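Enquirer:
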Amino acid sequence: MTDQLAATAAAMVERGKGILAADESIGTMSDRLQQVGVEPTEENRRAYREMLVTTPDLSNGVSGVILCEETLRQSVADGRPFPEAMQALGLLPGIKVDTGARPLAGAPGETVTEGLDGLRGRLSEFAALGARFAKWRAVIVIGENLPSARARHANAHALARYAALCQEAGIVPIVEPEVMMTGAHSMSDCAAVTAETLAEVFAELRIAGVRLDGMVLKPNMVVPGKDSGETPGPEEVAAATVGVLRDTVPASVAGIAFLSGGQSASAASANLDAMQKLPAPWPLTFSFGRALVAPALEAWAGKAELWETGQRVLAHRVGCNTAALAGNYSE
Ligand code: 13P
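Going by my numbering, the sequence shown opens with residue 13, and the numbers climb by one from there.
#1: Can you check whether the CB of LEU171 is closer than 8 Å to the CB of VAL187?
#2: May I ask you to check if the CB of ILE154 is nearer than 7 Å to at least one heavy atom of the ligand 13P?
#3: Give the DSSP-derived three-state secondary structure of GLY274 in the structure shown.
#4: Are the region 235-250 and the region 213-223 touching by the rule of at least three beta carbon pairs closer than 8 Å?
#5: What separation, rounded to the nearest whole angstrom, lies between the Cα atoms of ASN333 and ASP69?
#6: Can you give the Cα-Cα distance for ALA338 and THR297, rounded to whole angstroms?
#7: Mind checking whether the beta-carbon of LEU271 lies closer than 7 Å to any heavy atom of the ligand 13P?
#8: Throw me the rounded Cβ distance for the ALA163 and VAL124 pair, which I believe falls under 8 Å.
#9: For MET98, tell me which candidate among LEU79, ALA282 and ALA286 has the shortest Cα-Cα distance.
#10: Applying the 10 Å Cβ sphere with the 16-neighbour rule, what's the burial state of PRO262?
#11: Could you tell me whether any non-hydrogen atom of the ligand 13P is closer than 7 Å to the CB of PHE300?
#12: For the region 157-234, which segments carrying the beta strand (DSSP E) assignment without a break, of at least 3 residues, lie completely within its bounds, in sequence order?
#13: For LEU17, which three-state DSSP category applies?
#14: Measuring straight from C-alpha to C-alpha, what distance separates ASP201 and LYS289?
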């Protein structure tokens, strides 16, 4: 069981491949469909995910796809459940298992991610449905006197308990503490908060007994707040990000797969490219959501005749990011 965890984690971050995050909750996915003029029905959410995962040759640049629970239980048009169709396409099925960030008592403006109650039973069901890895996202906001030690600790503790439960079920946890880009904070504020957060997360993972070679870390890149007015280039973002990770993440972690966090698709790719030029003990890859799928969703827009156009746009973005992994990204 444990060797299998390490093997799955290694496959998720295999050289030259990243992870596609297509696990928006029903509410978020419905909003995004409506923004491109598509009715937010269960069938349209299903069709959109089928369009993504059946993109020809997706597995050349994508090791696995994170789904939400709704999609994990749905089937592709020929009747096979998504996990079965994905395995046949060479894609590892993943599942988002947190139930969302909710206000944390005693911490105004901050949240704790929920979903631990009943998680052991849900994980064994998800494993039986074919899930090989899971995801849990904690949200850390930077603001005046934020994040609080209380919110950081509550989130780090929950991430560690989630990760231990995943490994018990033979599922590789993606541990995602996201320091948000929203706000006017500087890049050095982001670096400091990311470092403190990761240090606390790894302390909690150790206490919980989580095997580091059987997990993948999904952090934010170190970037300035959206409203800061700072505009660092990819080399600066890469140096700050890899610097913080080298200070805080044990070398035995199987790999690091970044979220895009609201960066433009091209900025996320350029930053990923610049990181490949720096020494690091782990594979550094992508687990982008918006930076991979937003252009494809817009191109498809729910129209059957634009299905292949949407897939081509996704394939282009995946190609940009696999080029970045080889250190030769250009649009
Ligand atoms: P973004 O790349 O859009 O930030 O999404 C990644 C993700 O999985 C967030 O949990």
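Every residue gets a Cβ at the ideal spot worked out from N, C-alpha and C, and that includes glycine.
On a predicted model such as this, the values are computed, not experimentally measured, just so you know.
Expert: From the atom records:
#1: Yes, the pair counts as a contact, with Cβ atoms nearer than the cut-off.
#2: No, the beta carbon of ILE154 sits no closer than 7 Å to any heavy atom of the ligand 13P.
#3: Under the three-state reduction of DSSP, GLY274 is assigned to coil, being neither helix nor strand.
#4: They do not touch, by the three-pair rule.
#5: In a straight line, the C-alpha of ASN333 is about 15 Å away from that of ASP69.
#6: If I take the Cα positions, the gap works out to 10 Å.
#7: Yes - the ligand 13P has a heavy atom lying nearer than 7 Å to the Cβ of LEU271.
#8: So it is a contact: roughly 7 Å between Cβ atoms.
#9: It is LEU79 whose Cα lies nearest to the Cα of MET98.
#10: Under a 10 Å Cβ-count criterion, PRO262 is classified as exposed, with fewer than 16 other Cβ atoms of the shown protein chains found around its own Cβ.
#11: PHE300: yes, Cβ under 7 Å from the ligand 13P.
#12: Listed in chain order, they are 184-191.
#13: Here LEU17 sits in helix by DSSP.
#14: Annotation: ASP201 to LYS289 spans about 24 Å, alpha carbon to alpha carbon.
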